[in-house]
Each structure stands twice: as structure tokens, then as C-alpha cells.
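Q: The numbering of the sequence shown is my numbering, which starts it at 27 and goes up by one. Glycine included, C-beta positions come from ideal geometry on N, C-alpha and C. None of the values given here were measured: they were computed from a predicted structure. Have a look at this one before I ask anything.
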Amino acid sequence: MARRQLYRLVLTRPRLSQQRHTFTSQTNNQSSRRVHGLIIAAAIGTGGISGAAYYAMAVQKPTKFDARSLAELDERTKREQGITNESPMRLRMEQFIRDQQKEIVYALEQVDGMRFREDTWTRPNGGGGLSCVLQEGNVFEKAGVNISVVYGTLPKPAIAKMRENHKGVAAEGETLDFYALGLSLVLHPRNPMAPTVHLNYRYFETMRPDGTSQAWWFGGGSDLTPSYLFDEDAVHFHKTLKEACDKHDKDYYPRFKKWCDDYFSNKHRGESRGIGGIFFDDLDETVADSENTFAFIQDCLKSFLPSYLPIIEKRKSMPFTEKEKEWQQVRRGRYVEFNLVHDRGTSFGLNVPGSRVESILMSLPLTASWRYMYEPEPRSREQRLVEVLKTPKEWV
């Protein structure tokens, strides 16, 4: 039963006392990081199955989820002391994403006019998740905003693989306690003039036996996938992300924008999934100290609503034709192709016995279409989008 609970995803409206998340497996193109990305996170919508669990299965050695003492310590700290600037980073990040989930869900409900369904879950050994899903709404055909928190123990093979990218992870010992959490979001609007958007921000930490942090890192990003390209929307989205990045390091935006373009690519089609955004992983002490990195993550996540709300408000009620709706369905088919063919976490999760398929596929649109030999008309708006997807642009 405990194992069944581990794979269970939930759909529910955010209450701060209950929240936690789902992870996205997103890595760069270096082969050593491909498995490492699975350690950090599973595909969006995997319902709280930690990447650590996935990796343990990949190396044919079971992950032992037995970090009860640390989970109890954290719960006692939250209950008796509350979360302050002196609290461990994991608790501060957890509080932050809880607050952000609540704020984002509330804002989206104001846009749509319907409420999200909520589903909450807990794990016997500590941690849990909260998923908020809106389906067949007025503005959003499907929308999900999810958080999860996972406490667990990595086996020795997973520790060795993790050390390839994080030398601060101890080499001695047969097991290693870890903590992982994050927030992920996918919104699929009804109107083909309104773009799909994806977001994920996450934190991973390994612990010493006394519960103090041993090694830590952040990852995340946000990207936009339109069916019809409005240049001013692309500029606004990228400009908002760039402003958040530039507050911390002028090199972040161009570096993370390229990383996003490289990762979210339908290689079999020779085109990007969308018009990009930013994507990054493994931001640790080699990049900046934890306080500065956390401040960067906060600014990026807080930039989501300013980056997307003006776009959806402008496009949600625009008139469209049946042909334009048909094109949206074709583009959504390409979105599905990326998630099922190229997203490492999704493909890996679907091959793990016992995975909750509904959770893994929650990021997919409610409807999509594949038309044989479908080509947009020359010099059409549809054709221009394809041209941009084949050659990513610098928007700011």
C-alpha cells in the first residue's frame, strides 16, 4: 500500500498546509547529465515520483524511502518555529512554492471564471503533493499547477552518478538521504490565438546524518508555445524573463535561452516545440551561494504571472475560424510528440513498472490532431510560425 501511495497523484485546490509538487526531467545534451536529470526530477505530471526513485529503478537497485526522522524534524520545525530567513533552505523553498502555487491558481481562476479541482496526497515517510487541475474551463481547455515534496534515500549507484556533477556529495556510505521539491505548471488555452505555457522550478538537497545540508542545487525555467505567433507576445514574454535574469547575472538570459531552445526541440521534425524562454539545471555553489541563487529562483517564478497574464487576457476572446482551431490541434500534436518522444522524464516514467500513467500524462492537452502530410499554405501565418520554429529567434 505504501508503494501505491508513492505513485499516487492528486488534483486539488491549494491550501498552504497541504501543498507539495511534481518534477520535470530536463537536462542539457551532455550524456553524463541525462541520467542525472532523472535523479533530480521526473517528467511534469509524474505525480511526485521522485527522479531518485526513477534512477534507482534504472540501475536495478531499489530506492529505500526511509527518511522519516528528517521529515519529522522538518514538520516539527514548521509547527513550532515557523519558517524564517534562518530556516533551512529546503523549508524556505517549500514555503515559497506553496505561496506561489496559491497565487498562480487564484490569478488563473480570475482569468477563467472556473475553479481548479484539487487533489492532495501524503507519503508515509514524509512529504506529499498537491495538484490543482482545471479541465474544460471557459478559457483553459486544460490547466495544471502542481507541487510535490519528497524525502527519500539514494542507493550507492545513484550516489556515484550524482557525484559526476556534484562533488560535494559524499562518496562514503551505502545510502544518502535526499530531499526534492518543486512546482510545475502547464496551461492549454481554448483559443488558438492564446499560447500554451509551461513552467517548472525545483530544488534538490542531500543531507548529512545529522540532517544538515550536504549538497544542494536549483533548476527550472519557463517557455511559451503559440499556435499563432504574435511578435509582441514573444517579445513581452522573453523581455520579462530577461529582466528577472539580468537582476542577478547578465549572462543568465542568453545562456538559459539557448539551453531552452536546445532542449525543447522536436528533432524528428526539425523544429522547436515553441518559441522558447529559459531553462537551466544544476545551479549550485559553483554558480553562486544559496541565498543569491534562491533570490534568482524567486524572481524567475514571480515573473510568471507578469509574463503570461497580459498575453492570455489579450488573446482569450479573439475571434477565430474553424481552420485556425484545426491548426491549433495540429500544433498540439507536435507538443504531444515532444513530451512522448523527447522528454526524458516522460519516456522513462512510462517504462517504470507501477508508474501512475494518468499523472505522467497530465501535462498533455485535452485534444490534439495528426493529419497526414499536413502542410501550411505558403506565406500564411501558419507557415511563418513554422519558419520561426525551425530557426529560433532572438526576441530581445
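Looking at the secondary structure, which residues open and close the beta strand (DSSP E) in which GLY359 lies?
A: Element bounds for GLY359: not the beta strand (DSSP E) but the alpha helix (DSSP H), 348-363.
Q: Using a Cβ-Cβ cutoff of less than 8 Å, which residues in the same chain neighbour PRO418 once the five nearest sequence positions on both sides are dropped?
A: Excluding sequence neighbours, PRO418 sits near ASP287, SER298, ILE301, GLY302.
Q: Rank PHE320, PHE290, GLY247 by C-alpha distance to the C-alpha of PHE304 and give the top, closest one.
A: Per the sequence presented here, residue 304 reads as Ile, with Phe not at that position. The option with the nearest alpha carbon to ILE304 is GLY247.
Q: Kindly indicate which three-state DSSP category LEU134 falls into: helix, strand or coil?
A: Here LEU134 sits in helix by DSSP.
Q: Do the CB positions of ASN217 and LYS342 come within less than 8 Å of each other?
A: Cβ distance < 8 Å, so ASN217 and LYS342 count as in contact.
Q: In three-state terms, what does DSSP make of GLN107?
A: If DSSP states are grouped into helix, strand and coil, GLN107 belongs with coil.
Q: Using DSSP bridges, identify the partner residues of PHE305.
A: GLY247.
Q: What is the DSSP secondary structure of ALA314, reduced to helix, strand or coil?
A: ALA314 falls in the coil class under three-state DSSP.
Q: With a CB to CB cut of under 6 Å and the five nearest residues on each side skipped, what residues in its chain are close to GLU413?
A: Nothing meets the Cβ criterion.
Q: Pick helix, strand or coil for ASP236, following the three-state DSSP scheme.
A: Reduced to three states, the DSSP call for ASP236 is coil.
Q: My output table needs one value for PRO221: the three-state DSSP class, helix, strand or coil.
A: Correct three-state label for PRO221: coil.
Q: For the beta strand (DSSP E) that HIS214 lies in, which residues bound it at each end?
A: Counting along the chain, the beta strand (DSSP E) containing HIS214 begins and ends at 201-215.
Q: Are the beta-carbon atoms belonging to THR238 and ASP203 less than 8 Å from one another?
A: No.
Q: Kindly say whether THR222, judged by its beta-carbon, lies nearer than 8 Å to any beta-carbon of chain C.
A: The question asks about chain C, but that chain is absent: this structure has only one protein chain.
Q: Can you tell me the Cα-Cα spacing of ARG410 and LYS187, whole angstroms?
A: About 43 Å.
Q: Closest to LYS328 by C-alpha separation, out of PHE282, ASP315, ARG397, LYS268, would be which residue?
A: Cα-wise, what sits closest to LYS328 is LYS268.
Q: Quick one: Cα of TRP147 to Cα of GLN127, how far?
A: The alpha-carbon atoms of TRP147 and GLN127 are separated by roughly 16 Å.
Q: Tell me the residue span of the alpha helix (DSSP H) that contains PRO181.
A: It is not in any alpha helix (DSSP H) - PRO181 instead sits in the beta strand (DSSP E) that spans 166-181.
Q: Rounded to whole angstroms, how far is the Cβ of TYR361 from the Cβ of THR266, which I believe are closer than 8 Å?
A: Contact doesn't hold; Cβ gap of about 22 Å is too wide.
Q: Per DSSP, SER291 is paired with what?
A: SER298.
Q: Verify whether the separation of the beta carbon atoms of ARG358 and THR393 is less than 8 Å.
A: Yes, the pair counts as a contact, with Cβ atoms nearer than the cut-off.
Q: Do you know offhand how far ARG189's Cα is from VAL195's?
A: Cα to Cα, ARG189 sits roughly 6 Å from VAL195.
Q: Got a sec, what are the start and stop residues for the beta strand (DSSP E) THR417 sits in?
A: Run containing THR417: none; DSSP gives neither H nor E here.
Q: For PRO404, count neighbouring Cβ atoms within 10 angstroms of its own Cβ and tell me buried if that reaches 16, exposed if not.
A: Its Cβ having fewer than 16 others within 10 Å, PRO404 is exposed.
Q: Among ALA314, SER395, GLU98, MET399, which has the Cα closest to the Cα of SER253?
A: Answer by Cα proximity: SER395.
Q: Based on the DSSP output, what are the partners of SER253 in its beta bridges?
A: Paired residues: none, contrary to the question.
Q: Just list the residues that DSSP pairs SER157 with in beta bridges.
A: Bridge partners of SER157: ASP145, ASN172.
Q: ARG341 lies in the alpha helix (DSSP H); which residues open and close that run?
A: Start and end: 330-341.
Q: Check TYR398 in the structure and name its three-state DSSP category.
A: Coil.
Q: Classify ALA78: buried if its beta carbon has 16 or more other beta carbons within 10 angstroms, exposed otherwise.
A: Any reading at ALA78 must be qualified, since the residue scores a pLDDT of 37, below 50, and its modelled position is unreliable; the value itself is stated next. Looking at its Cβ environment, which holds 16 or more other Cβ atoms inside 10 Å, ALA78 is buried.
Q: Using a 10 Å radius around the Cβ and a threshold of 16 neighbouring Cβ atoms, would you call VAL261 buried or exposed?
A: It counts as exposed.
Q: How many whole angstroms separate the CB atoms of TYR227 and LEU250, which I take to be in contact at a CB cut-off of 8 Å?
A: About 16 Å; that fails the 8 Å criterion.
Q: Beta carbon of HIS274, beta carbon of PHE346: below 8 Å?
A: No, Cβ-Cβ distance for HIS274 and PHE346 is not below 8 Å.
Q: Look up GLU190 in the DSSP assignment and say whether it is helix, strand or coil.
A: GLU190: coil per DSSP, three-state reduction.
Q: With DSSP as the reference, label ARG118 as helix, strand or coil.
A: In the structure shown, ARG118 sits in a helix (DSSP, three-state: H, G or I).
Q: Short check: CB of ASN164 to CB of GLY139, under 8 Å?
A: In this structure, GLY139 lies closer than 8 Å to ASN164 by Cβ.
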